[in-house]
Structure formats: structure tokens, C-alpha cells
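Visitor: In terms of our numbering, the numbers along the sequence shown are unbroken and rise by one, the last being 451.
We put the beta carbon where it would ideally sit given N, CA and C, even for glycine.
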Amino acid sequence: MIGVIGIAKKTICILGLGYIGLPTAAMFATHGHKIIGVDIDQSVVAALNQGEITIEEPYLDIMVRDAVSSGNLTASATPAKADVFIIAVPTPINEDKTADMRAVRSATESIVPFLDKGNIVILESTSPPGTVNDLIVPILAKSGLDIGRDVLVAHSPERVLPGRILIELVENNRIIGGINKESCEKVKQLYSTFEKGELYNTNATTAEMCKLMVNTLREGNIALANELALLCEKLGINAWEVIEYSNKHPRVNIHKPGPGVGGHCIAVDPWFIVEKFPETARMILLSRRTNDGMPAYVFSRIEQIAAGIPADGRRRKICILGATYKPDVDDARESPILELIRLIDKNGSYDLSVYDPHMMMAKSCPHLESDLYKAVGGSHVLVLGVNHNEFLHMDFKKIKEEMAAANIFDTRNFWNGEQLAALGFEYHLLGKGI
Ligand code: SAJ
18 MIGVIGIAKK
28 TICILGLGYI
38 GLPTAAMFAT
48 HGHKIIGVDI
58 DQSVVAALNQ
68 GEITIEEPYL
78 DIMVRDAVSS
88 GNLTASATPA
98 KADVFIIAVP
108 TPINEDKTAD
118 MRAVRSATES
128 IVPFLDKGNI
138 VILESTSPPG
148 TVNDLIVPIL
158 AKSGLDIGRD
168 VLVAHSPERV
178 LPGRILIELV
188 ENNRIIGGIN
198 KESCEKVKQL
208 YSTFEKGELY
218 NTNATTAEMC
228 KLMVNTLREG
238 NIALANELAL
248 LCEKLGINAW
258 EVIEYSNKHP
268 RVNIHKPGPG
278 VGGHCIAVDP
288 WFIVEKFPET
298 ARMILLSRRT
308 NDGMPAYVFS
318 RIEQIAAGIP
328 ADGRRRKICI
338 LGATYKPDVD
348 DARESPILEL
358 IRLIDKNGSY
368 DLSVYDPHMM
378 MAKSCPHLES
388 DLYKAVGGSH
398 VLVLGVNHNE
408 FLHMDFKKIK
418 EEMAAANIFD
428 TRNFWNGEQL
438 AALGFEYHLL
448 GKGI
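Written out as C-alpha cells, the structure is:
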């Protein structure tokens with residue numbers, strides 16, 4: 018049977034219905050393929066079969082509703098026979114900073130009983146270099162099929178930006194690292210169902226390393242920006258201004274400092290390289306450590322600000338706005354703000370409240386308040402942790418009235434310091450010395 022744009026319609030079993038698997042499933046389904054979405058979380062499966070989603074991503078709800086009502090997208094707790102299997106399960110980081118590959122391993126094992134001649138298996142999950150050859154292929158070989166001839170295999174890493182997933186799924190270039198040429202070609206054909214970007218063919222390990230290096234470069238850039246912020250504070254100048262003017266150079270793009278790097282990608286992927294070659298990946302390790310040190314640095318600045326408040330014998334209260342890993346998403350994985358909260362709690366000398374409109378159905382964020390004014394009420398230092406859009410235009414007059422002392426610490430250069438100073442706030446900015 019021929020699909021909407023001339024590509025044979027396939028039955029595709031997608032394992033993992035999270036931030037990557039679900040949009041990918043919806044995209045293939047709305048382009049004519051039959052999708053079986055598989056997740057170990059029963060509530061995700063139940064919601065999806067009702068046409069509902071459990072994550073926040075622009076327009077995804079509409080697309081999923083269309084896909085489910087067309088009959089092309091169904092969810093299940095277990096895999097089934099299919100033409101293509103796409104593995105899009107999480108690869109989180111263990112305590113010891115090695116990749117936790119349990120979900121990839123068990124997802125791959127779960128498809129072995131359903132494998133047939135002619136099938137394609139694609140790993141989308143970001144993984145340490147060597148995963149396809151050393152982990153995936155040996156598991157698939159347990160089927161008794163000839164992997165590479167009977168079953169084609171490739172790594173095609175997802176590279177979409179949360180918040181822009183549906184746009185970037187279609188527009189971004191895609192790297193396809195096959196275990197052989199035929200795997201590359203067949204997988205390329207499949208993604209060209211909806212991809213408008215270039216599709217590049219290479220081998221599996223190169224694709225794995227490309228995915229990791231793209232995020233590692235971004236992380237190194239952010240680490241430099243964070244180091245610059247600390248240097249500028251010592252120099253008594255403004256890092257944001259240094260960055261603005263440095264970036265006027267045609268080949269320079271220094272990223273932004275902040276309270277640290279979070280999310281499941283940039284804060285994690287560099288470790289997948291370090292894990293394999295700790296002796297060699299020295300710059301990568303240093304970048305990770307630099308960015309991981311930012312929550313503690315932010316806390317030290319908060320402590321300085323609090324120490325400047327005239328003594329009145331009362332405990333100081335810190336209020337943090339934003340707890341997710343970045344603006345306008347509900348995802349708090351590896352969020353540096355959660356680490357900041359942990360540090361403040363561990364210190365034990367401060368009261369603390371947190372407000373984040375994107376984390377209203379808060380999973381695991383201590384001190385979360387559902388009302389902005391309740392959160393800021395009685396606080397001595399208001400910390401902007403995440404620059405959510407909602408925080409741009411707030412009633413700062415009312416906020417000031419609710420606070421016990423009018424101190425602001427902006428870790429994102431998001432607010433207009435002069436306007437806030439005019440309202441009577443003491444405005445402090447990460448990366449700006451005095
Ligand atoms: N951040 C800064 N300063 C900056 C940019 C970001 O401190 O200048 C922080 C953010 O606040 C956040 C973290 O870095 O905590 C990561 O955010 P991000 O927007 O840079 O990236 P992610 O993790 O949401 O998505 C990245 C993207 N990679 C690149 O842009 C190179 C995305 O394209 C990838 O698909 C995604 O990782 C992934 O899945 O690997």
C-alpha cells in the first residue's frame with residue numbers, strides 16, 4: 018500500500034512515548050503510517066488511547082488527537098509485529114555518571130520475539146558511542162535472524178529542541194548511522210516520509226558520536242559563558258555586555274550564563290563520552306564540572322545578598338521563580354534549580370518557596386506554591402531561576418509589597434534592572450560585578 022507521499026505505508030512500533038517517541042509517533046501516523054506506540058507506563062498508554070497526552074509541547078495535543086482519531090495511532094503496553102521498530106526510550110544518567118542503558122536494553126529485548134525477515138530496527142535514544150554495535154546488534158541476534166541482512170539496523174539520533182519539537186522534527190537535518198549501506202538507505206527512505214531537512218548517511222558509531230558532540234559543543238560554550246560570568250563579577254564589569262559585543266564578530270557566538278545546565282540532553286550527553294574515555298575527554302569533563310558548579314555559585318550569591326539585609330533576628334526567606342530545566346517547558350529533569358533547592362535545604366538556614374506555572378502538577382519539586390503572591394509573600398530575596406514567559410510582565414509593585422525585603426537576583430538577565438531599581442528593588446544580576 019502506498020502512503021501519502023509515495024512511500025510504502027509501514028506498521029511502525031515505537032517504544033517509548035515520551036518527549037521524542039510520542040511526537041515521532043504522531044508525525045508518522047499523520048503521514049499515513051500505522052503506529053503502535055508502546056510504553057511501560059499504563060497511564061501514558063491509557064491517555065494516548067483516549068487521544069490525550071501527558072507532556073507539554075506546543076501543538077502536540079492537536080496532532081496526537083488527529084493521529085488517534087484517524088486510527089493510525091494506538092498505544093499498548095507491549096510490542097507487536099511490525100515492519101519497523103523505533104526505540105525512543107530514556108537513557109538517563111546513573112549516580113556514577115555512566116549511562117543507564119536499562120530501558121534501551123529491555124526495549125530491545127522486548128522486540129526480539131516479534132522480529133521477522135525484512136524488519137528495520139532504529140535506535141533514536143541518545144547513547145554512548147558503540148551502543149548499536151556492542152549492545153543492540155547482539156541482542157537482536159538472539160532472534161536467530163541474520164542482523165544486517167534479514168534485519169536492518171541504524172542509529173538515527175533525535176536532535177529536536179524541546180518547545181520546538183514538531184517544527185524541528187520536520188525541518189532539522191538528520192543523521193542516519195546504519196550498520197551497513199542498505200540499513201542507511203531504507204531508514205533514509207522511511208524518515209523522508211516527513212523530513213524536509215537533509216538526511217545524511219554514515220556508520221552507527223559516527224552517528225552516535227555526532228549526536229553527543231553537538232550537545233557537548235553547546236555545553237562547552239555555556240561553560241565558557243558561565244566562567245566569563247564569574248570573571249566579570251571579579252572584574253566589576255557586565256558579562257552580558259561582553260557577550261553582546263563579542264558576538265558582533267562574524268564568527269563568534271558565546272552562549273548565555275545561567276544557574277547551570279539542565280535537561281536530559283546537554284547536562285547528560287557529555288558524560289556518555291567521558292564514561293568511555295575519561296583520560297582523554299578532559300575539556301568535556303571540565304565543562305560538565307563548571308556547569309554543575311553553577312547552582313552552588315548562585316547560592317553563594319544569594320547568601321551574600323541575604324547577608325546585606327540589616328539584621329532583625331528573623332530567618333530569611335528565599336523565593337525562587339522557575340524550577341524546570343529551561344523556559345516554557347514542564348520538564349524538570351536535571352534542572353539546576355532543583356539542585357539549588359537541594360543546596361538551600363541542606364544548608365538549613367533559610368525558608369524557601371518556589372513558584373513555577375509550568376510545574377503546577379508538580380511531580381517532585383519541594384516548596385512549590387501554586388500562587389505567585391503566596392510564594393513571594395514574606396521573602397527577602399526573589400531569585401529568577403527560569404525565564405518563563407509568564408515572568409516577563411508581572412506586577413512588580415504588588416510583588417514588592419508582599420516581600421519582606423526588596424532584593425532581586427536575576428540569573429538570566431531577563432528583567433529590566435533599571436525599571437526594577439526605579440520601583441525600589443535592589444537588583445542583582447548574575448555575571449555583573451559591582
Ligand atoms: N542554557 C544556558 N545557556 C544558553 C543555552 C542554554 O544556560 O545559552 C541552559 C538551559 O537553561 C538549559 C540547558 O542549557 O538548562 C539546555 O537547554 P538547551 O535549550 O540548550 O537544550 P536542550 O537540552 O533543551 O536541547 C538540546 C538541543 N541541542 C542543541 O541545541 C545543540 C536540541 O537540539 C537537542 O535535540 C536536544 O538537546 C537533545 O535531545 O539532545
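With a cut-off of 6 Å, give the chain-ordered residues whose Cβ is closer than this to any heavy atom of the ligand SAJ.
Guide: Here the residues come out as T143, E175, R176, V177, L178, P179, V231, N232, R235, I239, H272, K273, G275, V278, G279, G280, C282, I283, Y342, K343.
Visitor: Who are the near neighbours of F431 in its chain, counting only those whose CB is closer than 8 Å to its CB and skipping five residues on each side?
Guide: The residue you call residue 431 lines up with position 414 of the sequence shown. Within the same chain, F431 has close Cβ partners L401, N404, F408, L409.
Visitor: Just checking, does the segment 53 to 64 make contact with the segment 86 to 94 on the three C-beta pairs under 8 Å criterion?
Guide: Yes, the segment 53 to 64 touches the segment 86 to 94.
Visitor: Under the DSSP definition of a beta bridge, which residues are partnered with S93?
Guide: Taking the sequence shown and counting its residues from 1, the one referred to as residue 93 is at position 76. Note: S93 sits in a beta bridge opposite V55.
Visitor: Does the Cβ of Y76 have 16 or more other Cβ atoms within 10 Å, making it buried, or fewer, making it exposed?
Guide: On the sequence shown, residue 76 is found 59 positions in, with the first residue counted as 1. Looking at its Cβ environment, which holds fewer than 16 other Cβ atoms inside 10 Å, Y76 is exposed.
Visitor: I want to know whether the segment 298 to 308 touches the segment 364 to 371 - three or more CB-CB distances under 8 Å.
Guide: No, because fewer than three Cβ pairs between the segment 298 to 308 and the segment 364 to 371 fall closer than 8 Å, the two stretches do not touch.
Visitor: Would you say the segment 42 to 57 touches the segment 350 to 368, given that touching needs at least three Cβ pairs under 8 Å?
Guide: Judged by Cβ distances under 8 Å, the segment 42 to 57 makes no contact with the segment 350 to 368, as fewer than three pairs qualify.
Visitor: Who are the near neighbours of E188 in its chain, counting only those whose CB is closer than 7 Å to its CB and skipping five residues on each side?
Guide: As a working note, residue 188 is residue 171 in the sequence shown. Contacts found: K213, G214.
Visitor: For N89, does the count of other Cβ atoms within 10 angstroms reach 16, so buried, or fall short, so exposed?
Guide: As a first step, residue 89 is located in the sequence shown; it is residue number 72 there, counting from the start. Answer is buried; the Cβ neighbour count reaches 16.
Visitor: Let me know if K251 comes out buried or exposed under the rule of 16 or more other beta-carbons within 10 Å of its beta-carbon.
Guide: For this step, residue 251 is matched to residue 234 along the sequence shown. Per the 10 Å Cβ criterion, exposed.
Visitor: Helix, strand or coil: how does DSSP classify H172 here?
Guide: Counting from 1 along the sequence shown, the entry for residue 172 is found at position 155. In the structure shown, H172 sits in a strand (DSSP, three-state: E or B).
Visitor: Tell me, please, whether the segment 260 to 275 touches the segment 326 to 340 by the rule of three or more beta-carbon pairs shorter than 8 Å.
Guide: Flag = no, the segment 260 to 275 and the segment 326 to 340 do not touch.
Visitor: Would you please state the rounded distance, in angstroms, between the beta carbons of E455 and I182? I believe it to be under 8 Å.
Guide: The chain is shown only over 18 to 451; residue 455 falls outside these bounds and no answer can be derived.
Visitor: With a 10 Å radius around its C-beta and 16 neighbouring C-beta atoms as the bar for buried, classify G135 as buried or exposed.
Guide: Along the sequence shown, one-based indexing puts residue 135 at 118. Classification for G135: exposed.
Visitor: Sorted by chain position, which residues of the same chain lie with C-beta nearer than 8 Å to C382's C-beta, five sequence neighbours on each side aside?
Guide: Against the sequence shown, residue 382 aligns to sequence position 365. Correct list, in chain order: A340, A349, L355, I358, V371, D373, M376.
Visitor: Give the single residue among E112, I326, D388, L303 whose Cα lies nearest to the Cα of L338.
Guide: For the purposes of this step, residue 338 is identified with residue 321 of the sequence shown, where counting begins at 1. Nearest of E112, I326, D388, L303 to L338, Cα basis: D388.
Visitor: For the segment 62 to 114, list the alpha helix (DSSP H) runs that are entirely contained and at least 4 residues long, ordered along the chain.
Guide: Complete alpha helix (DSSP H) runs here, min 4: 77 to 86.
Visitor: Residue range of the beta strand (DSSP E) that Y342 falls in?
Guide: The count along the sequence shown starts at 1 and reaches residue 342 at position 325. Looking at the DSSP string, Y342 is not in any beta strand (DSSP E), and its letter there is neither H nor E.
Visitor: Nearest-angstrom Cα distance between E435 and E418?
Guide: The residue given as residue 435 occupies position 418 in the sequence shown. The residue given as residue 418 occupies position 401 in the sequence shown. About 19 Å.
Visitor: Please give me, in chain order, every unbroken run of the beta strand (DSSP E) with length at least 3 that falls completely inside the segment 412 to 439.
Guide: Whole beta strand (DSSP E) segments, 3+ residues: 424 to 427.
Visitor: Please report the straight-line C-alpha distance between L234 and T143, rounded to a whole angstrom.
Guide: Looking up residue 234 in the sequence shown gives position 217. Looking up residue 143 in the sequence shown gives position 126. Approximately 15 Å, taken between the alpha carbons.
Visitor: From H384 to C336, what does the alpha carbon distance come to, in whole angstroms?
Guide: Here residue 384 corresponds to residue number 367 of the sequence shown, with the count starting at 1. Here residue 336 corresponds to residue number 319 of the sequence shown, with the count starting at 1. About 9 Å.
Visitor: Measuring alpha carbon to alpha carbon, tell me which of V81, D167, S123 ends up nearest V101.
Guide: Taking the first residue of the sequence shown as position 1, residue 101 is located at position 84. Comparing Cα-Cα distances from V101 to each of V81, D167, S123, the minimum goes to D167.
Visitor: Starting from G365 and walking both ways along the alpha helix (DSSP H), at which residues does that stretch end?
Guide: Within the sequence shown, the letter at position 348 stands for residue 365. Careful: G365 lies outside any alpha helix (DSSP H) and carries neither H nor E.
Visitor: Taking only three categories from DSSP, how would you classify H375?
Guide: Within the sequence shown, numbered from 1, the residue matching residue 375 stands at position 358. Helix.
Visitor: For I192, which of helix, strand or coil comes out of DSSP?
Guide: The residue you call residue 192 lines up with position 175 of the sequence shown. Looking at I192 - three-state DSSP - the assignment turns out to be strand.
Visitor: Helix, strand or coil for I22? Go by DSSP, reduced to three states.
Guide: Residue 22 sits at position 5 when you count from the first residue of the sequence shown. Confidence at I22 is low in this model, with a pLDDT of 42, below 50, so the placement of that residue is unreliable and no value is reported for it.
Visitor: Any idea what DSSP makes of L355, helix, strand or coil?
Guide: The residue given as residue 355 occupies position 338 in the sequence shown. If DSSP states are grouped into helix, strand and coil, L355 belongs with the helices.
Visitor: So, for P179: in the same chain, excluding its five sequence neighbours on each side, which residues have a beta-carbon less than 8 Å away from its beta-carbon?
Guide: Counted from its first residue, the sequence shown places residue 179 at position 162. Excluding positions up to five away in sequence, the list reads Y36, E74, G280, K343, V346, D348.
Visitor: For a quick check, are the C-beta atoms of G33 and V85 less than 8 Å apart?
Guide: What you label residue 33 is simply residue 16 of the sequence shown in a count that begins at 1. What you label residue 85 is simply residue 68 of the sequence shown in a count that begins at 1. The answer is no: Cβ separation not under 8 Å.
Visitor: In whole angstroms, what is the alpha-carbon distance linking Y390 and I416?
Guide: Here the question's residue 390 lines up with position 373 in the sequence shown. Here the question's residue 416 lines up with position 399 in the sequence shown. If I take the Cα positions, the gap works out to 7 Å.
Visitor: Could you tell me which residues DSSP pairs with Y444 in its beta bridges?
Guide: Counting from 1 along the sequence shown, the entry for residue 444 is found at position 427. Paired residue(s): I425.
Visitor: Taking the runs of the alpha helix (DSSP H) that are 4 residues or longer, which of them lie wholly in the segment 245 to 293?
Guide: Those alpha helix (DSSP H) runs which fall completely within the segment 245 to 293 and span 4+ residues are 256 to 263, 286 to 293.
Visitor: Which partner residues of E386 appear in the DSSP bridge assignment?
Guide: Start at 1 with the first residue of the sequence shown, and residue 386 comes out as number 369. DSSP, once it has assigned bridges, lists Y372 as partnering E386.
Visitor: Starting from V398, follow the beta strand (DSSP E) in both directions and report where the run begins and ends.
Guide: As a position in the sequence shown, residue 398 is number 381, starting the count at 1. It spans 398 to 401 - the beta strand (DSSP E) in which V398 sits, taken as one unbroken run.
Visitor: Which class does Y36 belong to by DSSP, given the choice of helix, strand or coil?
Guide: Residue 36 sits at position 19 when you count from the first residue of the sequence shown. In the structure shown, Y36 sits in coil (DSSP, three-state: anything other than H, G, I, E or B).
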